[in-house]
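Chemist: Read top to bottom, the protein sequences are chains C and A.
Per our numbering, the first sequence starts with residue 1, numbered consecutively.
Per our numbering, the second sequence starts with residue 1001, numbered consecutively.
Protein chains: 2
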Amino acid sequence: MTTTTTTTTTTTSHAPAPVPAPPPRSASDRWYKIRLFRGMINDARRRAPYYVSDWTDAWNYRVVPATVYMYFANILPALAFSLDMFSKTDMQYGVNEVLLASVLGAVVFSVLACQPLVIVGVTGPITVFNYTVYDIMSPTGTNYLAFMCWIGLWSLVLHWVLAVTNSCNWLRYVTRFPCDIFGFYVAFIYLQKGIQVLERMGDEEPFYLSLVVSLLVFAVSYVCAELGKSALFTHPVRVFLKDYGTPLTVVFFTGFVHLGKMEAIHLENLPVSTSFFPTADRGWFVHFWDISVGDVFLAIPFAVLLTILFWFDHNVSSLIAQGTEFPLSKPAGFHWDLFLLGLTTGVAGLLGLPFPNGLIPQAPFHTESLCVTSVVADPDETGAGKGHYEFKATHVVEQRVSNLAQGLLTLGTMSAPLLVVLHLIPQGVLAGLFFIMGFQALEANGITAKLLFLVRDAALTPAGHPLKQIPRRAAIWLFVAVELLGFAATFAITQTVAAVGFPIFIFALIPVRALLLPRWLTPQELSVLDEPTASPFTMEGIGGSYGGGSEEGVLDASEDGSSGEDGMDRGKTADGGTGGGMFGRRSGEAVSVGRRSEEELAELGEGRLRAPAGVGAGAGARRMSSAVDEDGIEMLGMRVSRRGLASREGALG
Amino acid sequence: MTTTTTTTTTTTSHAPAPVPAPPPRSASDRWYKIRLFRGMINDARRRAPYYVSDWTDAWNYRVVPATVYMYFANILPALAFSLDMFSKTDMQYGVNEVLLASVLGAVVFSVLACQPLVIVGVTGPITVFNYTVYDIMSPTGTNYLAFMCWIGLWSLVLHWVLAVTNSCNWLRYVTRFPCDIFGFYVAFIYLQKGIQVLERMGDEEPFYLSLVVSLLVFAVSYVCAELGKSALFTHPVRVFLKDYGTPLTVVFFTGFVHLGKMEAIHLENLPVSTSFFPTADRGWFVHFWDISVGDVFLAIPFAVLLTILFWFDHNVSSLIAQGTEFPLSKPAGFHWDLFLLGLTTGVAGLLGLPFPNGLIPQAPFHTESLCVTSVVADPDETGAGKGHYEFKATHVVEQRVSNLAQGLLTLGTMSAPLLVVLHLIPQGVLAGLFFIMGFQALEANGITAKLLFLVRDAALTPAGHPLKQIPRRAAIWLFVAVELLGFAATFAITQTVAAVGFPIFIFALIPVRALLLPRWLTPQELSVLDEPTASPFTMEGIGGSYGGGSEEGVLDASEDGSSGEDGMDRGKTADGGTGGGMFGRRSGEAVSVGRRSEEELAELGEGRLRAPAGVGAGAGARRMSSAVDEDGIEMLGMRVSRRGLASREGALG
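1. Pick out whichever of Val108(C), Asp54(C), Gln495(C), Ser82(C) has its Cα sitting closest to the Cα of Leu654(C).
2. Can you tell me whether DSSP reads Arg1456(A) as helix, strand or coil?
3. Please confirm if Arg456(C) has its CB atom under 8 angstroms from at least one CB of chain A.
4. Can you pull the DSSP bridge partners for Val396(C)?
5. Could you have a look at Val120(C) and say whether DSSP puts it in helix, strand or coil?
6. Output needed in chain order: residues of the stretch 231–258 of chain C with a Cβ under 8 angstroms from some Cβ in chain A.
7. Give the DSSP-derived three-state secondary structure of Asn1269(A) in the structure shown.
8. Quick test of your reading: Leu1484(A) and Gly1346(A), contact by CB under 8 angstroms. State the CB separation rounded to the nearest angstrom.
9. Kindly indicate which residue of Asp243(C), Ala80(C), Ala231(C), Val223(C) has the alpha-carbon position closest to the one of Gln196(C).
10. Give a yes or no on whether the C-beta atoms belonging to Gly1544(A) and Arg1172(A) are separated by under 8 angstroms.
11. Kindly confirm or deny that the stretch 95–102 of chain C and the stretch 317–334 of chain C touch, where touching means at least three C-beta pairs closer than 8 angstroms.
12. Pick helix, strand or coil for Gly446(C), following the three-state DSSP scheme.
13. Taking 8 angstroms as the threshold (C-beta atoms), are Gly1541(A) and Ala1332(A) in contact?
14. Determine the DSSP secondary structure at Leu359(C), reduced to helix, strand or coil.
15. Where does Ser1592(A) sit, in a helix, a strand or coil, going by DSSP?
16. Write down the C-beta distance between Asp1457(A) and His235(C) rounded to the nearest angstrom, noting that I regard them as a contact closer than 8 angstroms.
17. Would Val1286(A) pass as a contact of Leu1145(A) if the rule is Cβ separation under 8 angstroms?
18. Tell me, to the nearest whole angstrom, how far the beta carbon of Leu1305(A) is from that of Pro1503(A); I am working on the premise that it is less than 8 angstroms.
19. Name, please, each residue of chain C whose Cβ falls closer than 8 angstroms to the Cβ of Val1212(A).
20. Anything in chain C within Cβ reach of Glu1716(A), meaning under 7 angstroms, just list it in chain order.
21. In the DSSP assignment, find the alpha helix (DSSP H) that holds Ile1075(A) and state where it starts and stops.
22. Around the C-beta of Asp281(C), are 16 or more other C-beta atoms found within 10 angstroms, so that it is buried, or is it exposed?
23. Is it buried or exposed for Lys1229(A), if we count other Cβ within 10 angstroms and need 16 for buried?
24. Answer with yes or no whether the minimum CB distance from Leu529(C) to chain A is below 8 angstroms.
25. Does the stretch 455–474 of chain C touch the stretch 482–502 of chain C, meaning 3 or more C-beta pairs lie closer than 8 angstroms?
26. Closest Cβ-Cβ distance between Lys1450(A) and chain D: below 8 angstroms?
27. Does the structure place the stretch 1051–1062 of chain A close enough to the stretch 1391–1411 of chain A that three or more beta carbon pairs sit under 8 angstroms?
28. Comparing alpha-carbon positions, which option in Val1251(A), Phe1240(A), Tyr1190(A), Arg1238(A) lies nearest Val1213(A)?
29. Run through the stretch 1198–1226 of chain A for me and flag every whole alpha helix (DSSP H) of 4 or more residues, listed as ranges in chain order.
30. With burial defined as no fewer than 16 other Cβ atoms inside 10 Å of the residue's Cβ, what is the status of Thr1140(A): buried or exposed?
31. Taking Cβ-Cβ distances shorter than 9 angstroms, what residues in chain A pair up with Glu205(C)?
32. For chain C, is any of its Cβ atoms less than 8 angstroms away from the one on Ala1264(A)?
33. If I follow the unbroken alpha helix (DSSP H) through Pro236(C), where does it start and stop?
34. With burial defined as no fewer than 16 other Cβ atoms inside 10 Å of the residue's Cβ, what is the status of Gly548(C): buried or exposed?
35. Would you kindly report the start and end of the unbroken alpha helix (DSSP H) that includes Cys1168(A)?
36. Is there a Cβ from chain C that is less than 8 angstroms from the Cβ of Lys1392(A)?
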């Protein structure tokens, strides 16, 4: 955090292409000096001391419900996506491919990743990517799976290049702004998929019955989730409803459509194939040599797009699975995990599976389900019975068993008896599942929260609402308008044959945030409207967090070019010592920089790892931003941390 | 309120048949001394001074939205009921009869009633009554409408007898307890009617499309109502959504079913007949002489049942339209209005219309829509932004124009162009209307509120929750169990051919409350679990309010028989002077009676009209009850008053 002055300056001068092409090495300018593998090595060094405890810590009851919950939370959307890919790729991908991709991701990441809390599986965006490539390539007669395999192999190379060049240090520029837009986009993709499932059903009884069933699945899941959030019943019952409400709804309505006069109506079910065999008539190993040399190279641009998508999507999943509100104590490892992601992408390509990556609502849900919480009464409660209360997470059961176990359960689902059960699920139920997932993602999105603030009656908005800190209401409108515009552009391109290009739109939002928004909004406004995606503790391995706009103030102050120290590089240096980052945990937030010399900055930068909380020389924009990031959370209590959680879950994947 | 000691004692000794048979007159016992017409004359005397202002006060903007809102709130359920009666009485009653009954009620009550705020129309219970009589009588070959006419004429006589013998003084025993059970019952009747409408549609596309439409009507109406209650948008927008959300939803979905592929499906619409003509092939005037003499007398027991139903239903409508939370300043007149109700019942019989009476959600909605409110911030709000607020009703536009105008609008609806529009409404939309009405009635019911309290997490229930005053949780369970049993018995009989008997079940709840519950529950418990239906100001004309159980304590204390003064009679005496009741408004609540002599009671009784608020000699149960009834509302602010409103609206009719 202390080094952003210079980093931002360099971004300004070298923008707008920080990724995916790795910056050239060993130039005289220190900005270009990339220490290869440094990020990965540090990641491994920092995490290795915890590896044994990652297995021994799993002896905890929370692991059981977390495993069962993640199994359902992972498999149900996967089934819905498999139906979508099945019908849009002429049965190249089906249930078995999607399940196996989830198993691959779960096993590799649970055993080898630096952050085993991140749940890896098949997302909505990759579904769009897959069938768009199919739409483009099938008229040419190219072997589709072989082509996808080459995309995976090229992408493996690109992932590894990005991993060894420490590209995850750029993650500090990924604030809530692009994450919220991406989440909004994914939510609409969900809703659209639900409608498409229904549209394929003609115009007779099955269509209308499916419509009824999808509405009921939506309504019942919604009620379960609302009850889970309410003050009704006891805590275990609420958690049960919240965790298993949707799976049980799916089970119930799978049976429901056979009651009474509905029995006579034939509904389309989820298509499945033979256990453990690919959906298409092929072996698991893709004949990747069965393709022209031209097509091998044609796969490169697609691989670039895929890599952009995964770099963004997977890292964001990881960031928000380690959000501020989770009291994590084991370090993250973004570079190392990116390397692993390249590996799974390549393997998935070779096996003809949809590429798995970090799942956004599921990854933070996983961390959340591993939290040991206690209910505490709201200290602000007054006598007349406000009825406020909060759940305080005291500790997270950080381990690798729940992720592995849910993967093995998914593997079991590929066996004959369970595949038969899956085949019973009517497509109308899956449509309802798409609706509830999309709706809940929208409900939790940061853009929705801002829109609701804007349409809220000003007279009835509490004085303590964070957005009330912004006197200029037009600033909020502008920010939300840019967000909606970004969403609309991304969603629009997805409707065209150029849909594979959508990752570029998402990615372009990062320079928009860094370069364009500071021209229209003051640093104070940006610091309230936007915020870092993860906590400073999590961001430590990647050079600290960029945050919500305080740096713009610093940027203005330092545009005279007096700064030279490379923030990204120094971030690595600071974290260089094994486990050194641990000492700095939640301690370097309030460091204040104004117009300081390089020496002072360097001093502060080192000081960050030793300084106790609240250390800060001088005042100004930086301090204010810090108050919002950390003290603000302390002060406003649960409401803000809930908002953070909501925003996090909003970026669905 | 001050005279309840003796009143309760007399109830105990003369129970359980206070109504409907008028007590014999001029006996030596003072309890039997009925001063004929005294109640009606006093009602007229008290209200007459306000008659001119009832028209001049209508020069207020609130009258316009109130008129439009009441028109829709009255006509939409009426249409749903007309569909029900149409199909269940072989087209003896249709849309025109239901509309004309509403017009009759609106014109008579708006011009002549002592309380013109009460909206009169066709209710769910009368629908059940009508088709059950049809089921019973149609096999005998009796002229159904002539038979109904005789029921109306006998009922007219019974109503008038009840009116001149001041029977409304018994209303003080009608607490929330029977009202909530009745409301629960009516809500379930609504839901059942919705299902029945759908059941009549076979098992092909029209059935499933209607199911979809009914679910969507439900969902959209629900969302409109929730938005109306939220802090979003501005106050006028919220009021608009709350008031017109449901009507606009009906209009929208009437058009919706003609979109896209749904156009091809033929849906059953609301059946209508020629403008201004009866649905059956007859003149408006029923040939009531076209019936055997035996059937004329057979109509008497039915008329008794109808009278019980109307005495209860209409008076309760009137009570809750004048609930504590409405700052009314013009006096009520229950006796006079009961006389008018007899008149409209007889006239409706002669014209072959379903009998109109007070509409429970609509009557309080009418008062509410005439409230001039202002938004005030919750004084308990603390800095961190609790966001609580309340709407304070400062004044009610008490007048006769809105009721009359909505009746005339309904009359206009009977004309050709509007009848054609009504004919476009698909029955699936009406089913959705039944669902939302039933759901909202349940949501607002006092039984639901208690059930929600019981299933609520005790750890998360605010300390100030009114029901937390009861240490014995079993007491709440018992009270709710008795309520649910009463509901179940009433609902069960409605499913049989003996359905016309349901008013007896409802009526039997009043002695259950007065005699049975005090044996199982302490006065303190009853005072929290139950409460008077209307404010002391409203109850003044009928001898004061009985309230929520504090009287049981008094009853215990006075069971030695030392009391002799007739509470009911003295209540009348106290209100005898013209307009005298006005002085006592909201002033006599905290008067405390323990073991006092008749002289003391008499003194307090007179004192009630002069005493300022808070006067109270002695302490004990009565004071506690009073704190809950009045001070409690002041103290807890909106939450309690909302609860009161909710409970009121819960008793749907």
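The beta carbon of each residue, even a glycine, is placed where N, CA and C say it ideally should be.
Modeler: The short version:
1. Because chain C here runs from 1 to 653, residue 654(C) falls outside it and cannot be looked at.
2. One-based indexing of the second sequence puts residue 1456(A) at position 456. Here Arg1456(A) sits in strand by DSSP.
3. Within the first sequence, the letter at position 456 stands for residue 456(C). Yes, its Cβ sits closer than 8 angstroms to a Cβ of chain A.
4. Position 396 of the first sequence holds residue 396(C). For Val396(C), which the question treats as bridged, DSSP gives the partners Cys371(C).
5. On the first sequence, residue 120(C) is found 120 positions in, with the first residue counted as 1. Of the three classes helix, strand and coil, the one that applies to Val120(C) here is strand, per DSSP.
6. Ala231, Leu232, Phe233, Thr234, His235, Arg238
7. Indexing the second sequence from 1 puts residue 1269(A) at position 269. The answer is strand: DSSP assigns Asn1269(A) an E or B state.
8. By 1-based counting over the second sequence, the position of residue 1484(A) is 484. By 1-based counting over the second sequence, the position of residue 1346(A) is 346. The Cβ separation is near 37 angstroms, so there is no contact.
9. If you number the first sequence from 1, residue 196(C) lands on position 196. Nearest option by C-alpha distance: Ala80(C).
10. Translated into positions along the second sequence, residue 1544(A) becomes position 544. Translated into positions along the second sequence, residue 1172(A) becomes position 172. Their beta carbons are under 8 angstroms apart, which means Gly1544(A) touches Arg1172(A) by this criterion.
11. no
12. Counted from its first residue, the first sequence places residue 446(C) at position 446. Gly446(C) falls in the helix class under three-state DSSP.
13. Sequence index remark: in the second sequence, residue 1332(A) carries index 332 (1-based). Sequence index remark: in the second sequence, residue 1541(A) carries index 541 (1-based). Against a cut-off of 8 angstroms, the Cβ pair of Gly1541(A) and Ala1332(A) comes out as a contact.
14. Along the first sequence, one-based indexing puts residue 359(C) at 359. Of the three classes helix, strand and coil, the one that applies to Leu359(C) here is coil, per DSSP.
15. Against the second sequence, residue 1592(A) aligns to sequence position 592. With a pLDDT of only 34 at Ser1592(A), under the threshold of 50, the placement of this residue in the model should not be trusted; the figure read from the coordinates follows. Residue state, collapsed to three classes: coil.
16. Counting from 1 along the second sequence, the entry for residue 1457(A) is found at position 457. Counting from 1 along the first sequence, the entry for residue 235(C) is found at position 235. So it is a contact: roughly 7 angstroms between Cβ atoms.
17. For the purposes of this step, residue 1286(A) is taken as the residue at position 286 of the second sequence. For the purposes of this step, residue 1145(A) is taken as the residue at position 145 of the second sequence. Yes. Within cutoff.
18. Counting from one through the second sequence, the residue named residue 1305(A) turns up at place 305. Counting from one through the second sequence, the residue named residue 1503(A) turns up at place 503. Right, the Cβ-Cβ distance comes to about 5 angstroms (below 8 angstroms), so this counts as a contact.
19. Position 212 of the second sequence holds residue 1212(A). Near Val1212(A) (Cβ distances below 8 angstroms), the residues of chain C are Tyr208, Leu211, Val212, Leu215.
20. Nothing in the structure corresponds to residue 1716(A), since chain A is present only between 1001 and 1653.
21. What you label residue 1075(A) is simply residue 75 of the second sequence in a count that begins at 1. Residues 1063–1088.
22. Looking up residue 281(C) in the first sequence gives position 281. The residue is exposed, with fewer than 16 neighbouring Cβ atoms inside 10 Å.
23. The residue you call residue 1229(A) lines up with position 229 of the second sequence. With fewer than 16 Cβ atoms within 10 Å of its Cβ, Lys1229(A) is classed as exposed.
24. Taking the first residue of the first sequence as 1, we reach residue 529(C) at position 529. Not an interface residue.
25. no
26. Here the protein chains are C and A, and chain D is not one of them.
27. yes
28. Here residue 1213(A) is taken as the residue at index 213 of the second sequence, counted from 1. Closest option to Val1213(A), Cα to Cα, is Val1251(A).
29. none
30. Counted from its first residue, the second sequence places residue 1140(A) at position 140. The residue is exposed, with fewer than 16 neighbouring Cβ atoms inside 10 Å.
31. Within the first sequence, numbered from 1, the residue matching residue 205(C) stands at position 205. Those within 9 angstroms of Glu205(C) in chain A are Asp1203, Glu1204, Glu1205, Phe1207, Tyr1208.
32. By 1-based counting over the second sequence, the position of residue 1264(A) is 264. Closer than 8 angstroms to some Cβ of chain C, the Cβ of Ala1264(A) qualifies, so yes.
33. On the first sequence, position 236 is the one that residue 236(C) refers to. It spans 235–256 - the alpha helix (DSSP H) in which Pro236(C) sits, taken as one unbroken run.
34. Here residue 548(C) refers to the residue found at position 548 when the first sequence is read from its first residue. With a pLDDT of 40 at Gly548(C), under the threshold of 50, the modelled position of that residue is not reliable, and no figure is offered here.
35. On the second sequence, residue 1168(A) is found 168 positions in, with the first residue counted as 1. It is not in any alpha helix (DSSP H) - Cys1168(A) carries neither H nor E in the DSSP assignment.
36. On the second sequence, position 392 is the one that residue 1392(A) refers to. With 8 angstroms as the cut-off, Lys1392(A) does not count as an interface residue toward chain C.
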